[in-house]
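The block underneath contains the structure these notes are about, expressed in structure tokens.
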Amino acid sequence: MSDVFKSIDALYSDRIRLLQVDPERYFQLYPRPKFGFQLTGSDSCNEKE
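Okay, structure coming up:
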């Protein structure tokens with residue numbers, strides 16, 4: 003099980019290094035996570051009665 007954590011740490015350190023060296027390439031490979039509310043196709047929240 004410790005091998006799994008070592009490989010994850012290695013991958014994480016590679017990602018951090020890439021982020022520091024070439025942020026544009028980093029965000030091409032790893033898109034930014036989406037947080038918060040997602041817009042839907044319906045406007046039910048904006049309907050006025």
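Heads up, the sequence shown is in our numbering, so the first residue is 3 and it goes up one at a time. All C-beta atoms, glycine included, are put in the ideal place defined by N, C-alpha and C.
Continuous alpha helix (DSSP H) stretch holding residue i: start and end
i, result
"L31", "25–31"
Cβ-Cβ distance between residue i and residue j below 8 angstroms
i, j, result
"L21", "Y28", "yes"
"R17", "Y32", "yes"
Close Cβ partners of residue i (< 8 angstroms) along its chain, the five nearest in sequence each way excluded
i, result
"G38", "none"
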